[in-house]
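Chemist: Which chain is which? The protein sequence lines are A and B, in order.
Each residue of the first sequence is one higher than the one before, starting from 118 at the first, in this note's numbering.
Each residue of the second sequence is one higher than the one before, starting from 1182 at the first, in this note's numbering.
Structure provided below as C-alpha cells; questions to follow.
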Amino acid sequence: MKQSDSKVANKDILQIRNLVIETDSQKKPKQLVKGVSLDLQPGEVLGVIGESGAGKSTIGLASLGYARDGCVIAGGEVIFNGTDILRLSEREKRTYRGRHIAYVAQSAAAAFNPAHKLIDQYVEAAVYHGVCSAAEARAEAVELYREMGLPEPETFGQRYPHQVSGGQLQRAMVATAMACRPDILVFDEPTTALDVTTQIEVLAAIRTTIRLHNTAALYITHDLAVVAQLANRIMVLRNGELVEEGDTRTLLEAPTEEYTRQLVSVRHLHKEASPAGTPVMTLSGLSAEYKRGVPVLKDVSVQVDLGRTVAIVGESGSGKSTLARVVTGLLPPIEGSVKLYEASLSPQLKHRDKDTLRRLQMIYQLPDTALNPRQKVEEIIGRPLQFYLGLQGADQQQRVKELLAMTYLDDSFMDSYPWQLSGGQKQRVCIARALAANPDIIICDEVTSALDQIVGEQILALLMELQRDLNMSYLFITHDLATVDAIADEVVVMQHGRVVEQGAKHEVFTPPHVDYTQRLLNSVPDMDPAWLDRVLAAD
Amino acid sequence: MTPTEYFQTGEPVAASSLQRPSLGFRLYHSLVEAPLSGQIGLIIILFYLFVIVLAPWLAPYGESTVVGGAFEPWGGSHLLGTDSLGRDIFSRLIYGARNTVGMTFLITVLTFVLGSSVGIIAAVLGGWIDQVVSRVVDILMAIPLLIFALLLLMIFGSSITAMILIVSFLESTRVFRLARAVSMNVVVMDYVEAARLRGEGLFWIVRREVLPNILAPLFAEFGLRFCFIFLLVSSLSFLGLGLQPPTADWGAMVRENAMLITFGKFTPLLPAAAIAVLTISVNLVVDWFLNKASGLSK
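Shown next, in the form of C-alpha cells:
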C-alpha cells in the first residue's frame, strides 16, 4: 500500500478506492467487501488471493463496474484512467468492458457458447467495439493462438468449443479476452478447474501473453503457489477485508500476518510412512468398462493394510474414481476380485449384505451434494448408527455427540441443516457419518479438492489423527501430489486406467521415476516465484 | 500442527446463531411478508373453505328441495331466484362448493399419491422399469384428456367412484412426468448414492432422500393441477358425466340453467364465475409459494 501511495496517482491505470459491496436486501444488507482499495499500474500483475467468501471474485467483477445478481456496489470508486466507472451509465460502462477491461472466467467450457466456432466468438468483441474489421481480427487471432502455443493456429479457430481440450479452451478464452488488446485483464481462477499438468500450459500461455502485450492483470485465485508465478504484487483478502499486501517475494518470505503465514505454510503436511500390517482390503486384477470393449480399468491390483493409507493418483480420466465405483460395487468389474480381509466381496452392490456394506464407507469430493439438504446433522449421522448398529433414542444421540466431538464439531450442530455449515464443517459431518458405521476401511474420493487450501489441510490433519487413534485404513483418491505427501504410506500412480507405478511413498517419490510420475511431480506448483521458469526450462 | 490447533484458529461456528423461530411465528411472518396478490388469493380460498364447511347453516334451503316455482326472479325469498325445477339457486351454489371442490380435492390428492410415487420410483430404479413406465405414460398422454375420460366413463359407467378413479389416473400421468423429471436431478446426488451404498431400501430412498427435496415443485404443481382437475370435473359435469342430479354441482348447474341465458339473465354464469374465482385464487397463492421457494423476493 505504502509503496503505491507514494507514486504519482494518475500513473495507475486502475484505482479502486474504499470499495463496499453489499447483498441486495432491503432490511439487512450484509457487507461482502468492506472498503477494499487497490492500485494497478500498466503492465503490472496483481494477485488477489483468499478463500471462498473472501470477496475476491466480487472485487474482480467490480473492476468492470459489474455486480452479480443479489449484490450491489454500495460505495467507493473504481477509477480507470481517471474516469470513475461506477458513475457511468450502463451504456457507457459497456464501452469499457471487453474493450479496456476484459474478464477471463473460471470455467471456459461454461463461458464459451457451444454453438459457435471459437474464431467467431473471438471476432465478436473486436468488431462490436469497432477496434478493427472482422478480417483483421481473424488474422490477429491466429497470431495470438500461435503465441499461446495452441496446435495448428491457422485452423484452430475453426473448431467448436467441444472439439478442444480443457486446457486449450482456457487458452482460447484468454485469447478471446485479448481480442481488443485491453489494458487490464481480470482472471478469475482460470486454472482451478484444470489438472495440474494442464495448469502449467495455461499459466505459461497467460504469462507470455500479458508480458508480450504489456497488459495489466488482476489474477484472482485461492492458490498462493499459482499466483506467485505470475504476480508482481499480492494482496491477501479474508472476509471482504484486506489482510496483507506486498511484493510477491517479500510476502512469501516474510509474511507479517498470521493468516498469510498459514497460507504460505500450506502443503507442508508430511506423514512418515508406517510399517506394513495385516491386509484389510485386497484388490486383485480389477478390470472394468462402462461400454463393452472400452476398458476404463485394466488389471489394477492394490492392497491396503490395517492403519495405513494407499493413495491413488492420476489426472482426470485416469480411472481412479472408477476404481472407487468398482470397490463399492456400483460398477461390477469384468475381471478381478475385491477382498475384505479374507472374504471375497460380491461384485454387485445388491448382493452384498448389510455387514459388508457397513465395513466399507465412503467420503465424497463435494460435501455439498453428499449431504441431504433436508436432513439435520443428527439424522445424517444417526441413520447409519440406527441402520447398522440398531442404536436408538438416547444411545444414538450420545454416540452422535461423540462422533461430532471426534470431528471437532459442537453439539449445537446436531440441529443444523447442511446449508447452515461451512464447506469444511460439512466435510467433517461426512467424515463423522462414515465413522458412525465403524468401518474397516474408508474410501476418500478427492475429499479436499473442493475445499480451500487451509480448510483442506485441516481435513487431512483430522483424517490422520483418526487414523492414529482408531487405526483406520484409507483408500485415498486424489490428483494432488501435495495431498499424497501429507497422508499416504503407499502410492499407486494411474494413467488411462492402468497402474503406471506403485509402491511405498518414498520409493515412488525418489528418482528415477517413470515419465508420467515425473510429469505429475513437476506439475505441482512450489511456493516459489521461480518454479514456473524452472519447469519450463527443464522441458 | 494437530487438528486441535487448527480448529481453534479455524472457522467461525455458525450453528448457535441459527436457532429457528417457532412455526406459528414463521407462518405469521410469511403471511405479512406475502405480496398483495397472494394475500387476496389466500383470503378467497379461506372464504371458500368457510362456505364449504358451514354449507348446511349458510344455505337458506336444502340442496335439492323444490321450494318454489320454476325460474323465479332474483330477490324476495330466493336471493338468486330458482332453477327449472324450482330449487333455490343460492342454496345449490353453496352446496355445489362442497361437492365440486371436495371432489376435486380428493381427486387431486389421489393424482399426486399415484403420480409422484410412481414417478420417484421410476427415477430411483431407472433402467428398463423406468423406460417401460415412461413410454406407457407417453402413450396415455398422447390421447386428448377429455375425450379419453369420456371414453373410459362410457365404458365403466358414470358413477362417482369411476369418475374419481378415472380422472385421477389420467391426470396422474402429468404428475408422473414432473415427479420423474425433478427426481432425476436428485437421484444423481452423492447423498442418494451414499444411501444406496449404505444398503437402504427403495422405500427409504424414495421417502427420506428424494421426496423432501422435490416437495417444492410438487407443491406448486398441486395448485395448478387442482385447477385443471377442477375444470375437467366441471366440464364432465356440464356434459352430464360427472356428479349426477339432483346433487348440486357447479358444472352441471351451468348446463341445467343454460337456457336462461337466452332471456338475458346471467344466473347460469354464476357457478362458472365461482369456478373462475377459485381457480385464479389458487394460482395466485401458488405463484407466491413458487416465488418463495425459488428464493426470489420480488
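Ideal Cβ placement from N, Cα and C applies to all residues, glycine included.
Note that this is a predicted model, so its numbers are computed, not measured.
Answer yes or no: does any C-beta atom of chain A fall closer than 8 Å to that of L1204 (chain B)?
Modeler: No, because no Cβ of chain A sits closer than 8 Å to the Cβ of L1204 (chain B).
Chemist: I want to know whether the stretch 172-182 of chain A touches the stretch 195-209 of chain A - three or more CB-CB distances under 8 Å.
Modeler: yes
Chemist: Counting only the same chain and skipping the five closest in sequence on each side, list residues whose C-beta sits under 6 Å from that of S1197 (chain B).
Modeler: Residue placement at S1197 (chain B) cannot be trusted, given a pLDDT of 41 that sits under 50; the coordinates are not used to answer.
Chemist: With a 10 Å radius around its C-beta and 16 neighbouring C-beta atoms as the bar for buried, classify L347 (chain A) as buried or exposed.
Modeler: By the neighbour-count criterion, in which a residue is buried when 16 or more other Cβ atoms sit within 10 angstroms of its Cβ, L347 (chain A) is buried.
Chemist: Verify the CB distance criterion: does N230 (chain A) have a CB-CB separation below 8 Å to chain E?
Modeler: Checking the listed chains, one finds no chain E in this structure; the protein chains it contains are A and B.
Chemist: Pull up the distance between the alpha-carbon of A1323 (chain B) and that of W1309 (chain B), whole angstroms please.
Modeler: 21 Å
Chemist: I need the DSSP call for A1429 (chain B), collapsed to helix, strand or coil.
Modeler: coil
Chemist: Could you give the first and the last residue of the continuous beta strand (DSSP E) run that contains N135 (chain A)?
Modeler: 131-140
Chemist: Determine, using beta carbons only, whether L477 (chain A) and T524 (chain A) come nearer to each other than 8 Å.
Modeler: Not a contact, by the Cβ cut-off of 8 Å.
Chemist: If you follow the alpha helix (DSSP H) that E209 (chain A) is in, where does it begin and where does it stop?
Modeler: 207-213
Chemist: Could you have a look at D602 (chain A) and say whether DSSP puts it in helix, strand or coil?
Modeler: DSSP, reduced to helix, strand and coil, places D602 (chain A) within a helical segment of the structure shown.
Chemist: Rounded C-beta distance between M644 (chain A) and D562 (chain A)? I'm assuming under 8 Å.
Modeler: Contact doesn't hold; Cβ gap of about 27 Å is too wide.
Chemist: Taking the alpha carbon of V1299 (chain B) as the point to measure from, which residue in B:V1313, B:L1287, B:F1286 has its own alpha carbon closest?
Modeler: B:V1313
Chemist: Out of B:D1430, B:A1362, B:E1374, which one is the CA nearest neighbour of I1233 (chain B)?
Modeler: B:D1430
Chemist: Contact between the stretch 1382-1402 of chain B and the stretch 1412-1419 of chain B is defined here as three or more beta-carbon pairs at a separation below 8 Å; is this criterion met?
Modeler: no
Chemist: Check distances from the C-beta atoms of the stretch 474-493 of chain A to those of chain B and list, in chain order, the residues that come in under 7 Å.
Modeler: L474, M479, Y481, L483, T486, A487, L488, N489, P490, R491
Chemist: Taking all protein chains shown into account, do 16 or more other C-beta atoms lie within 10 angstroms of the C-beta of Y1209 (chain B), making it buried, or fewer, making it exposed?
Modeler: exposed
Chemist: Counting only beta-carbon atoms, is E1398 (chain B) nearer than 8 Å to chain A?
Modeler: Glu is not the amino acid found at residue 1398 (chain B); the sequence shown has Pro there. Not an interface residue.
Chemist: Short check: CB of A256 (chain A) to CB of A296 (chain A), under 8 Å?
Modeler: no
Chemist: Alpha carbon to alpha carbon, how far is G187 (chain A) from V1367 (chain B)?
Modeler: Each residue's Cα considered, the two are about 26 Å apart.
Chemist: Less than 8 Å between C-beta atoms, sequence neighbours within five positions excluded: which residues of the same chain meet that for P299 (chain A)?
Modeler: Around P299 (chain A): G215, R216, H217, I218, A219, T332.
Chemist: Please report the distance separating the alpha-carbon of I1347 (chain B) from that of L1327 (chain B).
Modeler: 11 Å
Chemist: Tell me where the alpha helix (DSSP H) around F1444 (chain B) begins and ends.
Modeler: F1444 (chain B) -> no alpha helix (DSSP H), and no H or E assigned at all.
Chemist: Whose CA, out of A:L329, A:R425, A:D156, A:E358, lies closest to the CA of N588 (chain A)?
Modeler: Distance from the Cα of N588 (chain A) is smallest, within the candidate group A:L329, A:R425, A:D156, A:E358, for A:R425.
Chemist: Applying the 10 Å Cβ sphere with the 16-neighbour rule, what's the burial state of M1335 (chain B)?
Modeler: exposed
Chemist: Please look up how many angstroms separate the CB atoms of N198 (chain A) and I130 (chain A), rounded, as I've assumed it's under 8 Å.
Modeler: 6 Å
Chemist: Where does Q612 (chain A) sit, in a helix, a strand or coil, going by DSSP?
Modeler: In the structure shown, Q612 (chain A) sits in a strand (DSSP, three-state: E or B).
Chemist: Hey, is the stretch 447-464 of chain A in contact with the stretch 633-640 of chain A, meaning 3+ C-beta pairs nearer than 8 Å?
Modeler: no
Chemist: Could you give the residue range of the alpha helix (DSSP H) that holds D1319 (chain B)?
Modeler: Start and end: 1308-1323.
Chemist: Around the C-beta of L1230 (chain B), are 16 or more other C-beta atoms found within 10 angstroms, so that it is buried, or is it exposed?
Modeler: exposed
Chemist: Leaving out the 5 sequence neighbours to the left and right, which residues in its chain are closer than 8 Å to I1221 (chain B) when beta-carbon positions are compared?
Modeler: Taking C-beta separations shorter than 8 Å and ignoring five residues to either side along the sequence, the partners of I1221 (chain B) in its chain run S1462, L1465, following chain order.
Chemist: Have a look at S1364 (chain B) and I166 (chain A) and give me their C-alpha separation to the nearest angstrom.
Modeler: 38 Å
Chemist: Can you list, in chain order, the residues of the stretch 492-512 of chain A whose Cβ is nearer than 7 Å to any Cβ on chain B?
Modeler: P501, F504
Chemist: When you check each C-beta in the stretch 329-361 of chain A against every C-beta of chain B, which residues fall closer than 8 Å?
Modeler: none
Chemist: Here's the rule: buried if 16 or more other CB atoms are within 10 angstroms of the residue's CB, otherwise exposed. What is D650 (chain A)?
Modeler: Exposed, by the Cβ-count rule.
Chemist: For the beta strand (DSSP E) containing G453 (chain A), list its first residue and its last residue.
Modeler: Unbroken beta strand (DSSP E) run through G453 (chain A): 452-457.
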